[in-house]
Structure formats: C-alpha cells, structure tokens
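So the structure is just underneath, and the comments pick up after that.
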Amino acid sequence: MTKNNKKTYDKLINESSLSRVWRHSNEHDCGAMTAFRFAGACGHGDVYTSKENAQRNKSLLAKLKSKGYGVTKLHGRYPEGGSTKKEISYFIVNLQDNAHFDKDLKKLGEEFEQDSILYIPMGALANKEGSKAILIGTNHCANNWLGYGKTMEFEKGRMGVSSPIYTSMVNGRPFIFEEVGEEVKSPQTGFGHWAMHIIAEQEWQEIDV
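Heads up, the sequence shown is in our numbering, so the first residue is 1 and it goes up one at a time.
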C-alpha cells in the first residue's frame with residue numbers, strides 16, 4: 001500500500017468511526033473519560049509510567065464493559081511541559097439506557113482521580129434543543145479547576161462526519177481528539193466475560209498489559 005493510499009484508507013476508517021459515534025450520540029446518552037493521569041496524590045505523588053497509565057486504562061475499560069456500556073477508543077494529544085503527550089480516552093455509550101449511567105461515570109472518574117468526566121445527553125452533539133454536554137468535576141484536589149461535583153456546560157466541542165472531534169479542555173488541559181479508534185468488542189464466550197469481570201474487580205496495579 002502506497003503512502004497516499006494508506007492516508008486515504010486511514011481517513012475513510014476514521015470517518016466511518018465518526019459516523020458510528022455520531023449515530024450513537026443521537027440514540028443514547030454518552031460520555032467521555034480516561035484513567036490516564038500525570039501522577040497520583042492530586043499530581044504531587046509519584047509520576048505514573050506509560051505502563052501504569054495503560055494498566056489504569058485497561059481497568060477502566062473492563063469496568064465500563066462489565067456494566068454493558070459500549071466503548072470506542074479516542075486517540076488524542078495535549079501539551080505538557082513543552083512537549084506533546086499522547087493519551088487514549090474512551091467514548092462511552094449507554095447502549096441499554098441504564099438510569100445510573102451518569103452516576104457510574106462520576107464514580108469511575110472519582111476512582112481514577114480524574115478532574116472531570118464529560119457527560120453527553122442524547123442529541124447534545126447535534127445541538128438538539130435543551131440537550132447540552134456538561135463537564136462534571138470528580139475529585140477533591142485543590143488544583144481541580146472545576147471543583148468536585150461542580151458542572152460546566154461544554155460548548156466548545158464540535159463533531160462532523162469528515163472532521164475530528166475537538167475539545168477545549170479535558171482535565172484542565174487543552175486537548176485534541178485527533179482520531180476515533182476502534183470500537184471495543186464485548187467477549188464472545190462465557191470464559192471471555194468471566195475474565196473481563198475478574199479484571200474489572202482487580203486492583204489496576206495487578207493487571208497485565
């Protein structure tokens with residue numbers, strides 16, 4: 001495959017993924033979050049390694065999937081310390097219209113010490129009247145710019161079938177979702193579901209990546 005052909009192929013795959021995300025957002029409540037963090041103890045503790053952040057994200061993914069939520073990977077980047085860092089977040093779909101969806105996201109945001117999670121009511125990405133995406137503060141850190149339990153209307157996002165998703169701030173940092181990745185499939189066997197639930201119950205430090 002030539003370089004130009006690969007670029008065209010990647011663009012088509014991303015547009016297809018965006019179409020899927022767009023469709024979900026018009027049919028169900030959705031959200032976005034990550035377990036990545038620079039360091040523990042509100043950013044003042046030991047710096048997390050790439051492996052540790054991968055362990056944290058795998059734990060978050062297992063918890064989300066074990067609750068029956070749809071998950072699509074979001075590949076993004078943000079500036080930090082004069083360089084550009086890469087991060088994987090998750091676009092989460094409330095496929096079964098669980099009434100506790102927002103509470104689950106807030107609880108997981110708190111568990112993984114995230115400054116905030118993004119909650120997207122059905123139709124918000126299409127600017128449906130009365131439907132607005134909101135950021136919800138999920139930790140008690142003094143340096144949390146939003147504040148625990150506080151909310152802020154999220155108006156600086158945009159999404160189109162042939163363009164990336166852009167956001168202004170995620171966890172207090174400028175963040176750009178460059179690419180919508182693959183949809184994470186649910187296990188197809190009983191043993192697969194069993195393994196997923198075991199991982200969801202493990203401490204993230206114990207998880208293999």
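Built from N, CA and C at the ideal position, the CB exists for glycine as well.
Bear in mind the structure is a predicted one, so any value in this text is a computation, not a measurement.
Start and end residues, alpha helix (DSSP H) containing residue i
i: residue 207; result: Per DSSP, residue 207 belongs to no alpha helix (DSSP H) and is neither H nor E.
i: residue 61; result: 50-66
i: residue 110; result: 101-111
i: residue 201; result: 190-201
Alpha-carbon spacing of residue i relative to residue j, whole angstroms
i: residue 188; j: residue 99; result: 26 Å
i: residue 143; j: residue 108; result: 19 Å
i: residue 42; j: residue 149; result: 16 Å
i: residue 60; j: residue 200; result: 7 Å
i: residue 47; j: residue 37; result: 9 Å
i: residue 44; j: residue 193; result: 37 Å
i: residue 195; j: residue 185; result: 14 Å
i: residue 75; j: residue 145; result: 23 Å
i: residue 285; j: residue 96; result: Outside the shown range of the chain, which is 1 to 209, sits residue 285, and nothing can be said about it.
i: residue 202; j: residue 27; result: 32 Å
i: residue 62; j: residue 21; result: 20 Å
i: residue 140; j: residue 124; result: 27 Å
i: residue 130; j: residue 91; result: 22 Å
Residue i: first and last residue of the uninterrupted beta strand (DSSP E) it sits in
i: residue 137; result: 134-137
i: residue 31; result: 30-33
i: residue 118; result: 116-120
i: residue 153; result: 151-153
Cβ-based neighbour list, residue i, same chain, cut-off 6 Å, excluding 5 preceding and 5 following
i: residue 29; result: 94, 101, 121, 122
i: residue 183; result: 72
i: residue 35; result: 56, 57, 60, 112
i: residue 68; result: 96
Own chain residues within Cβ distance below 8 Å of residue i, not counting five before or after
i: residue 205; result: 52, 55
i: residue 151; result: 134, 135, 136, 137
Own chain, CB closer than 7 Å to residue i, minus 5 neighbours either side, in chain order
i: residue 24; result: 30, 70, 93
i: residue 147; result: 137
Buried or exposed (CB count within 10 angstroms, at least 16 for buried), residue i
i: residue 136; result: buried
i: residue 198; result: exposed
i: residue 126; result: exposed
i: residue 112; result: buried
i: residue 114; result: buried
i: residue 50; result: exposed
i: residue 116; result: buried
i: residue 191; result: exposed
Beta-carbon proximity check, residue i vs residue j, cutoff 7 Å
i: residue 138; j: residue 106; result: yes
i: residue 88; j: residue 65; result: no
i: residue 207; j: residue 58; result: yes
i: residue 153; j: residue 132; result: yes
i: residue 118; j: residue 32; result: yes
C-beta neighbour in chain B for residue i, strict 7 Å
i: residue 127; result: In the structure shown, chain B does not exist; there is a single protein chain.
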